[in-house]
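Position one of the sequence shown corresponds to residue 938 (my numbering), numbered consecutively onward. Structure, as structure tokens:
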Amino acid sequence: MEKRSSEQQVRTLMASDTGHDPALWQELAGMGLLGLVIPEDLGGSGAGPVELGIVAEEMGRALLCGPYLSSAVMVPYLLDELGAGDERAAVLPRIAAGELIATVAYAEGTSSALIPDVPATTARGTGDEWRLTGEKTFVLDAPTAAVFYVLAATDAGSAVFAVERDAAGVTIDPLTTVDLTRKMGRVRFADTPARPVGAAGSGAGALGAALDRSAVALLGDQAGGAHRAMRMAVDYARTRFQFGRAIGSFQAVKHMCADMLLEAESAVSAARHVAAAFADEAPNRFADLALAQAYCSDAYVYVAATNIQVHGGIGFTWEHPAHLYLRRARTDAQLFGDPAWHRERYLQRIGA
938 MEKRSSEQQV RTLMASDTGH DPALWQELAG MGLLGLVIPE DLGGSGAGPV
988 ELGIVAEEMG RALLCGPYLS SAVMVPYLLD ELGAGDERAA VLPRIAAGEL
1038 IATVAYAEGT SSALIPDVPA TTARGTGDEW RLTGEKTFVL DAPTAAVFYV
1088 LAATDAGSAV FAVERDAAGV TIDPLTTVDL TRKMGRVRFA DTPARPVGAA
1138 GSGAGALGAA LDRSAVALLG DQAGGAHRAM RMAVDYARTR FQFGRAIGSF
1188 QAVKHMCADM LLEAESAVSA ARHVAAAFAD EAPNRFADLA LAQAYCSDAY
1238 VYVAATNIQV HGGIGFTWEH PAHLYLRRAR TDAQLFGDPA WHRERYLQRI
1288 GA
């Protein structure tokens, strides 16, 4: 990550339309990282949540630009939850080899996180042919994805459909969000040919389970980013001199750095605990996940914002990387649900 996701490389990809470096993608494939959670018999590494969390921490620390979360994590987990054997056999080896980028399209309206109970996007079947009509928003890595796995409503309930990027009736509009390191888009379908994946009526349930498993990677991203922002502030406090002494010697700055350390280390502990809980299939893993998502979201935003405070005026400038972490933190805190929503989920899980 230090070699291939430096600040300059991150800024270059931020300024591009796709936020994607094909050479880096192939290198990640060669290292086995794109197939990390894909079974070995399908060309992957067959690793589990703990390994995924470790990789995600380093990627978050470096603000990696690219469709890793969507293509290498969310899609494999979704296909697994759907039990789509033929689709998995056809798609996952290509994802692991870096030959295919895919993403999941489920959000509608103004929410980037909530899975709609009854999607406004509809699927209409005639014989063996299916066609989609509707719109999905906040689709991760829409500018680069070649295949979209779309949640749509059918007469039998919600279902997931695969749509090719170049299919008739597909329109992709890039979205400008606060975090330029994560590319998103709005995808419209107008009587678009699609193929069903999994059983009808199983779409929302499978997607929810897949997002819970994918959240392990998001927690790792938050923990790694928070830890990097904390180190950035501490290093600056040691080397920035004011009134003849390092600003880190002032009590107010010491207190901020100590609070940042507490939040960052706690985020790392929470993320790793959840990864281990999912690896062990612990009974309380979903309650732990909800609480960790709320905590890590708040912690990352707090640490990233405090990092800017420690840096003072220079931290607010476009040229300094401190704001990049705050932007990523703000997006991560909304991606799979905001902290308040996760706290509500936690209370529901423990039966409060």
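All residues carry an ideal CB built from backbone N, CA and C; glycine is no exception.
Shown here, residue 1094 sits in a strand according to DSSP, grouped into three states.
A straight line joining the alpha-carbon of residue 1097 with that of residue 1144 spans about 9 Å.
The residues 965, 1009, 1032, 1033 and 1035, in chain order, have a CB closer than 7 Å to that of residue 971 in the same chain once the five nearest residues on each side in sequence are set aside.
Bounds of the beta strand (DSSP E) holding residue 1121 are 1121 to 1134. In the three-state DSSP reduction, residue 1118 falls in the coil class, being neither helix nor strand. The beta carbons of residue 1060 and residue 1089 sit closer together than 7 Å. Residue pairing of residue 1086 in beta bridges, as defined by DSSP: 1041 and 1099.
DSSP, reduced to helix, strand and coil, places residue 1255 outside both helices and strands of the structure shown, so it counts as coil. Of the residues 1223, 1237 and 958, the one whose Cα lies closest to the Cα of residue 1148 is 1223. In terms of Cα proximity to residue 1244, the closest of 1270, 1190, 1233 and 1070 is 1190. The alpha-carbon separation between residue 1271 and residue 1175 amounts to approximately 33 Å. In this structure, the CA atom of residue 1076 is about 14 Å from the CA atom of residue 1269. In this structure, the alpha-carbon of residue 1043 lies about 11 Å from that of residue 1273. Under DSSP, residue 1062 forms a beta bridge with 1067.
One thing to note: residue 1232 has its Cβ no nearer than 7 Å to the Cβ of residue 1266. Taking the Cα positions, residue 1198 is about 28 Å away from residue 985. For residue 1110, the uninterrupted beta strand (DSSP E) segment begins and ends at 1107 to 1112. The continuous stretches of alpha helix (DSSP H) do not include residue 940, and DSSP gives it neither H nor E.
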